[in-house]
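First the structure, in the form of structure tokens, and then the observations on it.
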Amino acid sequence: GGGPMQRLTAKTGYSAILNILYSNAVVCVREELSPSSPPNLFSRGQKRPLLLGAASKVILANLAAHQLRRLYANQRKAIAMAGLGGDYVSLRKALRKIRKDGYCITSGEVIPNIVGIAATIFNGSGSVLGSLGLGLPQSSADPAKFPELAAQVVEAAGEVTEIIGEIGHGASLPARAIG
35 GGGPMQRLTA
45 KTGYSAILNI
55 LYSNAVVCVR
65 EELSPSSPPN
75 LFSRGQKRPL
85 LLGAASKVIL
95 ANLAAHQLRR
105 LYANQRKAIA
115 MAGLGGDYVS
125 LRKALRKIRK
135 DGYCITSGEV
145 IPNIVGIAAT
155 IFNGSGSVLG
165 SLGLGLPQSS
175 ADPAKFPELA
185 AQVVEAAGEV
195 TEIIGEIGHG
205 ASLPARAIG
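Position 88 of the sequence shown, counted from 1, bears residue number 122 in this note's numbering, the numbering being contiguous throughout.
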């Protein structure tokens, strides 16, 4: 993930964060900080909630149906509080849009005043493994540039997915269980 992340940070001027799905959380496994990086971004080893923020929502949008059903059964109330829908049909609809777009953009959901733009990372067999995202200060974020930034994140996430696919051994293992 280093090369694509370094290029993404250099192109955009914003910090890039690589995350993996681990149980009921998303864990930062690598960061590429820009010189103007906000001081409160997630760093390696830190967990974030599975239901909040762009980095998490792109993962949710690409979970297998059985994982999503189990998650909904166990966290129905938290899903509704996260604005992902009050019932299973609404949850699926919200996640379908993210999956169709190929990215997710949120603002202040995990860290106040931080905009997150993220795309999914897949393992060697095409299952969701994690996400690659940008974190930028809301104060300097220009919403008119979000589509361009999202396209760059999607491209970098595709590069990381390609690298993972080339690794071979162990790269097709699924992310840790949801439940």
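Built from N, CA and C at the ideal position, the CB exists for glycine as well.
Which listed residue (the options) has its alpha carbon closest to that of residue i
| i | options | result |
| --- | --- | --- |
| Gln80 | Ala190, Ile198, Gly199 and Val144 | Val144 |
| Leu94 | Gly192, Ile201, Phe156 and Tyr48 | Phe156 |
| Ala152 | Lys127, Ala190, Arg130 and Ser159 | Ala190 |
| Leu85 | Leu102, Ser71 and Pro72 | Leu102 |
| Leu163 | Glu66, Asp135, Lys45 and Ile198 | Ile198 |
| Asn20 | Asp121, Pro177, Arg82 and Asn96 | For residue 20 there is no data in the structure shown, the boundaries of the chain being 35 and 213. |
| Pro38 | Met115, Tyr56 and Arg64 | Arg64 |
| Ile139 | Tyr56, Ser71 and Leu170 | Leu170 |
| Arg78 | Ala89, Val61 and Pro69 | Val61 |
| Leu55 | Val92, Arg41 and Pro69 | Val92 |
| Ser161 | Phe180, Glu196 and Ser174 | Glu196 |
| Ile132 | Asn108, Leu42, Ile51 and Ser90 | Ser90 |
| Ala154 | Arg126, Gln186, Phe180 and Ser141 | Correcting the residue identity first, residue 154 is Thr in this sequence and not Ala. The shortest C-alpha separation from Thr154 is found at Gln186. |
| Gly158 | Arg130, Ala175, Glu193 and Thr46 | Glu193 |
| Gln172 | Leu52, Leu42, Ser71 and Asn53 | Ser71 |
Extent of the continuous alpha helix (DSSP H) run through residue i
| i | result |
| --- | --- |
| Leu105 | Ala99 to Met115 |
| Arg78 | Where Arg78 is concerned, there is no enclosing alpha helix (DSSP H), given that its DSSP letter is neither H nor E. |
| Ser141 | Element bounds for Ser141: not the alpha helix (DSSP H) but the beta strand (DSSP E), Cys138 to Ser141. |
| Asp135 | Tyr122 to Asp135 |
Helix, strand or coil at residue i according to DSSP, with G and I counted as helix
| i | result |
| --- | --- |
| Pro146 | coil |
| Leu52 | strand |
| Pro171 | strand |
| Ala88 | helix |
| Ser165 | strand |
| Ala95 | coil |
| Gly199 | helix |
| Gly213 | Any reading at Gly213 is ruled out, since the residue's pLDDT is 48, under 50, leaving its predicted position unreliable. |
Distance between beta carbons of residue j and residue i, contact taken as under 8 Å
| i | j | result |
| --- | --- | --- |
| Leu168 | Ser49 | 7 Å |
| Gly120 | Ala114 | 5 Å |
Cβ neighbour criterion (16 or more within 10 Å) applied to residue i
| i | result |
| --- | --- |
| Ser165 | buried |
| Ile201 | exposed |
| Gly150 | buried |
| Ala88 | buried |
| Val123 | exposed |
| Ala99 | exposed |
| Gln40 | exposed |
| Asn108 | exposed |
| Ala44 | exposed |
| Asn29 | Residue 29 cannot be examined here, being either before or after the span of the chain that is shown, 35 to 213. |
| Ala178 | exposed |
Segment limits, beta strand (DSSP E) that includes residue i
| i | result |
| --- | --- |
| Ser57 | Careful: Ser57 lies outside any beta strand (DSSP E) and carries neither H nor E. |
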